[in-house]
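Chemist:
Numbering (our numbering), first residue to last: 120 to 163.
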């Protein structure tokens, strides 16, 4: 699964046993990448 580090802004791939930590800067806050789908809202 793809995440982005909130400190250094690099893309991070996590494996099952690696824990939640950026391998580049060691920061522990990772943001989940959002999909590119556009949601349509039907307003009446």
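C-beta: ideal position from N, C-alpha, C; glycine also.
Skipping 5 residues on each side, what residues in its chain have a beta carbon closer than 6 angstroms to that of residue 143?
Modeler: Here the set comprises 127 and 129.
Chemist: Can you find the residues in the same chain that come closer than 7 angstroms, C-beta to C-beta, to residue 151, ignoring five residues on each side of it along the sequence?
Modeler: Counting only Cβ-Cβ distances below 7 angstroms, and skipping sequence neighbours, we find 122.
Chemist: Where does the unbroken beta strand (DSSP E) through residue 122 begin, and where does it stop?
Modeler: Counting along the chain, the beta strand (DSSP E) containing residue 122 begins and ends at 121–124.
Chemist: Buried or exposed: residue 162, going by 16 or more other Cβ atoms within 10 Å of its Cβ?
Modeler: Exposed, by the Cβ-count rule.
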